[in-house]
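>
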Amino acid sequence: MRHHSFNRRSFLQAAGTAGAAALLGPDLLRAQTTPLLTRRIPSSNEELPLVGLGSWGVFNVGDDPVGRAGCTAVLKNFFAAGGRLIDSSPMYGSSQQVIGHALAELGMPARLFAADKVWISPGAKGREQIETSRRAWRVPRFDLLQVHNLLAWEEHLPALFAMKAAGQLRYVGITTSHGRRHGDIERIMRSHPLDFVQVTYNIEDREIEERILPLAADRGIAVIINRPFQRGDLLRRFAGQPLPPWAADLDCSGWPQFLLKFIVSHPAVTCAIPATSRVDHLVEDLGAARGRLPDAGLRRRMLDYVRTL
Amino acid sequence: MSEWWTYRLSDFLMFEPRTYYRLFERINGGLWPAPLLALALGVALLVLAGRGRAPRATLILLVPAWLAVAVAFHWQRYAPINFLAPWYAWASGLEGALLLAAASGRVRWLFPGAGLPPDRVGVGLLTFAVLLQPLIGPLLDRSWQGVELFGLAPDPTALATLGVVLALRARWALLVIPVLLALASGATLWAMEAPDAWVTPVVAVLGVVRCSGKRRLGD
Numbered sequence: 008m009r010h011h012s013f014n015r016r017s018f019l020q021a022a023g024t025a026g027a028a029a030l031l032g033p034d035l036l037r038a039q040t041t042p043l044l045t046r047r048i049p050s051s052n053e054e055l056p057l058v059g060l061g062s063w064g065v066f067n068v069g070d071d072p073v074g075r076a077g078c079t080a081v082l083k084n085f086f087a088a089g090g091r092l093i094d095s096s097p098m099y100g101s102s103q104q105v106i107g108h109a110l111a112e113l114g115m116p117a118r119l120f121a122a123d124k125v126w127i128s129p130g131a132k133g134r135e136q137i138e139t140s141r142r143a144w145r146v147p148r149f150d151l152l153q154v155h156n157l158l159a160w161e162e163h164l165p166a167l168f169a170m171k172a173a174g175q176l177r178y179v180g181i182t183t184s185h186g187r188r189h190g191d192i193e194r195i196m197r198s199h200p201l202d203f204v205q206v207t208y209n210i211e212d213r214e215i216e217e218r219i220l221p222l223a224a225d226r227g228i229a230v231i232i233n234r235p236f237q238r239g240d241l242l243r244r245f246a247g248q249p250l251p252p253w254a255a256d257l258d259c260s261g262w263p264q265f266l267l268k269f270i271v272s273h274p275a276v277t278c279a280i281p282a283t284s285r286v287d288h289l290v291e292d293l294g295a296a297r298g299r300l301p302d303a304g305l306r307r308r309m310l311d312y313v314r315t316l
Numbered sequence: 003m004s005e006w007w008t009y010r011l012s013d014f015l016m017f018e019p020r021t022y023y024r025l026f027e028r029i030n031g032g033l034w035p036a037p038l039l040a041l042a043l044g045v046a047l048l049v050l051a052g053r054g055r056a057p058r059a060t061l062i063l064l065v066p067a068w069l070a071v072a073v074a075f076h077w078q079r080y081a082p083i084n085f086l087a088p089w090y091a092w093a094s095g096l097e098g099a100l101l102l103a104a105a106s107g108r109v110r111w112l113f114p115g116a117g118l119p120p121d122r123v124g125v126g127l128l129t130f131a132v133l134l135q136p137l138i139g140p141l142l143d144r145s146w147q148g149v150e151l152f153g154l155a156p157d158p159t160a161l162a163t164l165g166v167v168l169a170l171r172a173r174w175a176l177l178v179i180p181v182l183l184a185l186a187s188g189a190t191l192w193a194m195e196a197p198d199a200w201v202t203p204v205v206a207v208l209g210v211v212r213c214s215g216k217r218r219l220g221d
């Protein structure tokens, strides 16, 4: 989530941008018509764009019609630009309902890749929570269900694998964030046939490079990256700092793209899920899935540059 | 939740600041002309508490304010975006019930009755909550439509209650819920990095210090 000092003007600007984008979606994205870069989900070879959409915080607008219209505009532009994966959780307040409302308004776009989570203990209540989430999203089934923060994972994982076997679900995963419980994540990755793992990774939090990303590549597990901007902290810290001149060689027009390209250029990463409720931020974020990506040498150079700031 | 000590306050913030401030625009716009009534109620409260002649009527005026905050703000508008808001709603309703009991004159452990002139600090606090606190948002470039009014918004209602309880020298039991809600609100605004996050909790704590220092609450 990117924080901004809030005032009426900025709100109206944001709402205006969202409204304009809702009306002029293709126009706003006219310069952004290049298809998004994709990466394969190892367990199926299905392609996913390198940038998806998170919903923590930003889609939790309740029943506010203005907030919901803004979120619908974001989703409209997300799909128009080629986006697919949207990630949410029952932990995210009204986000699931807001996503469901927007999807219904947009006629349930066929390209949607619906990723949600189960987050309840005891695990016996998991199926009921999943059904509640599915109704909130208004989808016939989820593409991906993940055990949120490993809560009651011993009970949830068998249930999710059973749902997958019954055709009620396409992929199974687990999540963590803030760099927590990486030992448990690694153990589960080794012992269960996971399709996805979701972890925190950004230019500052790079612990997963040591064991989890190599293990994911080795085991054929897709990797979703949360907190790519440390919930906006990185963007606030680097605001006002110049991008290096060679950022243009990576087709980066701003810090969001610079930071996201660092993440998605790691070969073991499948996609990153920055969260935003603003169309202009969405356009910036999706730009990271276009143009050139850094190779290993340039990734080191990106790290070195950020350390100098 | 494991490793809870590694989380920051902002990690628990479930919504964006603009979504929070929209709550006040929505309650003011959705219940119009209730904001005018709330303002009139606040001024009436100020006059009554300042004179100190009708303490039970003064306490009664706080009851609809707390019920409106409980139902229209916390339950109907805040709860969809915050898991804690239903608890705030119940607490606000309970405060309304306590104030009603105090105003009845039959629950002397809440309000032993009048006798002393109004506490000036309490009246000052009430004045701040009713007339000055609503101006903070617009002064910080937030919208006038989202002005936080006593009787509809939780923070000025909590501080106004603190002022009335101080002014009338009612018992401290009436302060517990307003002070806890003031601290919770301050924590939320702090997580939102709002520049005025300190106002409500600091004023509430100063009020409590005044209460305990002077030992005027029904001693």
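If you're matching them up, the sequences are chains C and W in order.
Sequential numbering of the first sequence, starting at 8, is according to the numbering used here.
Sequential numbering of the second sequence, starting at 3, is according to the numbering used here.
Using N, Cα and C, we set each Cβ at its ideal position, and we do this for glycine too.
In angstroms with no decimal places, state the Cα-to-Cα distance between residue 88 of chain W and residue 76 of chain W.
Looking at the two C-alpha atoms, the distance is approximately 6 angstroms.
> Given this structure, state the Cα-to-Cα distance separating residue 276 of chain C from residue 230 of chain C, to the nearest angstrom.
Spanning the two alpha carbons is a distance of roughly 5 angstroms.
> Less than 9 angstroms between the beta carbons of residue 280 of chain C and residue 113 of chain C, yes or no?
Contact flag unset, no.
> Identify whether residue 209 of chain W lies in helix, strand or coil by the three-state DSSP scheme.
Residue 209 of chain W falls in the helix class under three-state DSSP.
> Closest by CA to residue 27 of chain W, which one among W/60, W/56, W/151, W/16?
For the residues W/60, W/56, W/151, W/16, the minimum Cα distance to residue 27 of chain W belongs to W/151.
> List the DSSP bridge partners of residue 56 of chain C.
In the DSSP output, where bridge partners are listed per residue, residue 56 of chain C has C/45.
> Cβ atoms of residue 105 of chain C and residue 69 of chain C: under 9 angstroms apart, would you say?
Yes, they are a contact pair.
> Determine which residues of the segment 268-297 of chain C have a Cβ less than 9 angstroms from any Cβ of chain W, and write them out in chain order.
Those residues of the segment 268-297 of chain C that come within reach of chain W (Cβ to Cβ, closer than 9 angstroms) are 284.
> For residue 321 of chain C, collect the residues of the same chain with a Cβ closer than 8 angstroms to its Cβ; drop the 5 residues on either side in sequence, then sort them by chain order.
In the structure displayed, chain C extends from 8 to 316; residue 321 of chain C sits before or after that span and is not available.
> Cutting at 7 angstroms between CB atoms, please list the residues of its own chain near residue 72 of chain W, excluding the five before and the five after it.
For residue 72 of chain W, where only same-chain residues beyond five positions count, the Cβ hits under 7 angstroms are 91, 94, 95, 98.
> Short check: CB of residue 102 of chain C to CB of residue 149 of chain C, under 9 angstroms?
Not a contact, by the Cβ cut-off of 9 angstroms.
> Between which residues of its own chain and residue 37 of chain C is the CB-CB distance below 6 angstroms, once the five residues before and five after are set aside?
Only weak support exists for where residue 37 of chain C lies, its pLDDT of 48 falling under 50; the value from the coordinates is given anyway. Once the five neighbours on either side are set aside, residue 37 of chain C has no close Cβ partner at all.
> My assumption, with CB atoms under 8 angstroms, is that residue 293 of chain C sits in contact with residue 58 of chain C. Please give the rounded CB distance.
That pair is a contact at about 5 angstroms.
> Would you kindly check if the distance between the Cβ of residue 74 of chain W and the Cβ of residue 154 of chain W is under 9 angstroms?
Yes.
> For residue 68 of chain W and residue 183 of chain C, I'd like the C-alpha separation in whole angstroms.
Going from the Cα of residue 68 of chain W to the Cα of residue 183 of chain C covers about 40 angstroms.
> How about residue 163 of chain C and residue 190 of chain C: are their beta carbons less than 9 angstroms apart?
Result no, Cβ atoms of residue 163 of chain C and residue 190 of chain C do not sit closer than 9 angstroms.
> Determine the burial state of residue 295 of chain W: buried for a count of at least 16 other Cβ atoms within 10 Å of its Cβ, exposed for fewer.
The structure shown does not extend to residue 295 of chain W, since chain W is modelled only from 3 through 221, so no value can be given for it.
> Who are the near neighbours of residue 242 of chain C in its chain, counting only those whose CB is closer than 8 angstroms to its CB and skipping five residues on each side?
Within the same chain, residue 242 of chain C has close Cβ partners 9, 236, 262, 263, 266.
> Could you give the first and the last residue of the continuous alpha helix (DSSP H) run that contains residue 170 of chain W?
Note, residue 170 of chain W: alpha helix (DSSP H), 156-170.
> Could you tell me whether the Cβ atoms of residue 151 of chain C and residue 176 of chain C are closer together than 9 angstroms?
Their beta carbons are under 9 angstroms apart, which means residue 151 of chain C touches residue 176 of chain C by this criterion.
> Can you pull the chain C neighbours of residue 82 of chain W, defined as C-beta to C-beta under 9 angstroms?
Result: 67, 68, 69, 70, 71, 100, 101, 104.
> Under 9 angstroms between C-beta atoms, does residue 26 of chain W make it to chain C?
Chain C, which has no Cβ nearer than 9 angstroms to the Cβ of residue 26 of chain W, makes this no.
> Three-state secondary structure (DSSP) at residue 178 of chain C?
Three-state DSSP puts residue 178 of chain C in a strand.
> Determine, for residue 75 of chain W, whether the minimum Cβ-Cβ distance to residues of chain C falls below 9 angstroms.
Taking Cβ atoms only, chain C never reaches closer than 9 angstroms to residue 75 of chain W, which makes this a no.
> Hey, could you find the ends of the beta strand (DSSP E) residue 124 of chain C is sitting in?
Here the beta strand (DSSP E) through residue 124 of chain C covers 120-125.
> How about the segment 127-140 of chain W and the segment 193-209 of chain W: do they share at least three Cβ pairs that are nearer than 8 angstroms?
A contact exists between the segment 127-140 of chain W and the segment 193-209 of chain W.
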